[in-house]
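S.K.: First the structure, which I've put down as structure tokens, then a few questions once you've had a look.
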Amino acid sequence: MIEVTVSISISEDELDFEFVRSGGPGGQKVNKTSSAVVLKFDIWNSPSLPEEVKSRLEEICGKRVNNEGILVIHARQYRSPIRNRASALNRLVELIKKASEVPVQRKQTKPSATSKRERLAEKKKRGLLKKSRKYKPSEEDYE
351 MIEVTVSISI SEDELDFEFV RSGGPGGQKV NKTSSAVVLK FDIWNSPSLP
401 EEVKSRLEEI CGKRVNNEGI LVIHARQYRS PIRNRASALN RLVELIKKAS
451 EVPVQRKQTK PSATSKRERL AEKKKRGLLK KSRKYKPSEE DYE
């Protein structure tokens, strides 16, 4: 069991680790070993996550979630597959923690009377400026 928060813990059975070859640190050995990790987590079918956390997690992850609702995390930062596995797990835990936080609703405010007055005065000033640019033919122009 992986403890994410006090109320959320994920079973190891829900996670699918795949070790693949990758570029990056490791020199020539990188061509022979599968050190990169691809972590797959099925968001939609996870019994560990509440529905609202699932929807927020999918929203946060964006393109990392495929059409089947599976979150895919790639980790290839380290030479060691064990460290890459830990890195991928860490990233998953951080994403779920972020999704479990309830977003604070914005409290709507109204503009103050002073700000309304200033805005209208500025509009009036701008309108007068534009009006003053307008060409006004005089009687001399018609002679």
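Quick note: the sequence shown uses my numbering, first residue 351, plus one each step. Every residue gets a Cβ at the ideal spot worked out from N, C-alpha and C, and that includes glycine. Given the structure is predicted, the values throughout are model-derived calculations rather than measurements.
#1: How many angstroms separate the CA atom of Lys481 from the CA atom of Cys411?
#2: Can you look up Glu325 in the DSSP assignment and give me helix, strand or coil?
#3: Measuring alpha carbon to alpha carbon, tell me which of His424, Arg414, Met351, Ser450 ends up nearest Arg371.
#4: Between the region 393 to 413 and the region 429 to 448, are three or more C-beta pairs nearer than 8 angstroms?
#5: Given this structure, state the Cα-to-Cα distance separating Gln458 from Ile393, to the nearest angstrom.
#6: Can you grab the Cα-Cα spacing for the pair Leu421 / Leu389, in whole Å?
#7: Going by the DSSP bridge assignment, what does Ala386 pair with across the sheet?
M.R.: So, from the data block:
#1: As a working mapping, residue 481 is identified with position 131 in the sequence shown. As a working mapping, residue 411 is identified with position 61 in the sequence shown. Distance between the alpha carbons of Lys481 and Cys411 is about 52 angstroms.
#2: With the chain running from 351 to 493 in the structure shown, residue 325 is simply not present.
#3: In the sequence shown, counting from the first residue as 1, residue 371 sits at position 21. Nearest neighbour of Arg371 by Cα position, chosen from His424, Arg414, Met351, Ser450, turns out to be His424.
#4: The count of Cβ pairs closer than 8 angstroms, one atom from the region 393 to 413 and one from the region 429 to 448, reaches three, so the stretches are in contact.
#5: Counted from its first residue, the sequence shown places residue 458 at position 108. Counted from its first residue, the sequence shown places residue 393 at position 43. Straight-line Cα distance between these residues: approximately 33 angstroms.
#6: Taking the sequence shown and counting its residues from 1, the one referred to as residue 421 is at position 71. Taking the sequence shown and counting its residues from 1, the one referred to as residue 389 is at position 39. Just so you know, the alpha carbons of Leu421 and Leu389 end up roughly 8 angstroms apart.
#7: The residue labelled residue 386 in the question sits at position 36 within the sequence shown. DSSP output for Ala386 lists Val370 as bridge partner(s).
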